[in-house]
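Numbering (our numbering), first residue to last: 173 to 316.
Note that beta-carbon positions come from the ideal geometry of N, C-alpha and C, so glycine has one too.
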Amino acid sequence: MTDRSHSRTQPVLRYQSAQALVAHAMDHAEKNAWRVAVAVLDPGGHMLAAGRMDDVPAPILDIATDKTFTATLGKTSLAFGERMASSKPLELGLSTRQRLLAWEGGVPIREDGALIGAIGVSGARGHEDAACAMAAIEALSLEC
């Protein structure tokens, strides 16, 4: 049987789950006295949910969003940065790309191995941002 379809089905994180991820990431930050902003995007890089804790400057949400956008490539923003730093041409090329950010805190979200979205956190130190993202993913029994 020949497949005549010209389209494919991509699993996508649900809106309610995206909201829950934001809440869990912020809860983790609150428990550790960190102030953060959180963004959750679908695999195409479109916003599903976002939040910014009190007293977090507005541009921090933009940084979280860029970390998230980077993670829609399927690797953490930190892993992306390490890959870009491995080669001078890649490193130089990174500076010409909008929305790609090599700072820690952007994490892909997978379910049953499929990329369904990404989460990014910013406002604390890089490893703390990543810890908030991972705590949110784990709270919903998802994978990165």
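First and last residue of the uninterrupted beta strand (DSSP E) at residue i
i, result
"residue 255", "Where residue 255 is concerned, there is no enclosing beta strand (DSSP E), although the alpha helix (DSSP H) it sits in stretches over 249 to 257."
"residue 219", "219 to 224"
"residue 213", "209 to 213"
Residue i, DSSP secondary structure in three states
i, result
"residue 294", "strand"
"residue 283", "strand"
"residue 276", "coil"
Closest by C-alpha distance to residue i, when choosing among the options
i, options, result
"residue 212", "183, 273, 262 and 281", "281"
"residue 279", "201, 187, 193 and 178", "193"
"residue 198", "314, 315, 303 and 272", "303"
"residue 223", "207, 260 and 261", "207"
Spatial neighbours of residue i in its chain, beta-carbon cut-off 7 Å, leaving aside the 5 residues before and after
i, result
"residue 183", "283, 286 and 288"
Run of the alpha helix (DSSP H) containing residue i, from where it starts to where it stops
i, result
"residue 231", "230 to 243"
Nonlocal neighbours in the same chain, by C-beta distance under 8 Å from residue i, ignoring five residues either side
i, result
"residue 231", "none"
"residue 209", "222, 223, 224, 225, 228, 232, 233, 235, 236, 293, 294 and 295"
8 Å contact criterion, which residue i and residue j should meet: CB distance rounded
i, j, result
"residue 239", "residue 275", "6 Å"
"residue 307", "residue 196", "6 Å"
Proximal residues to residue i (C-beta, below 6 Å), its chain only, five neighbours per side dropped
i, result
"residue 190", "212, 220 and 221"
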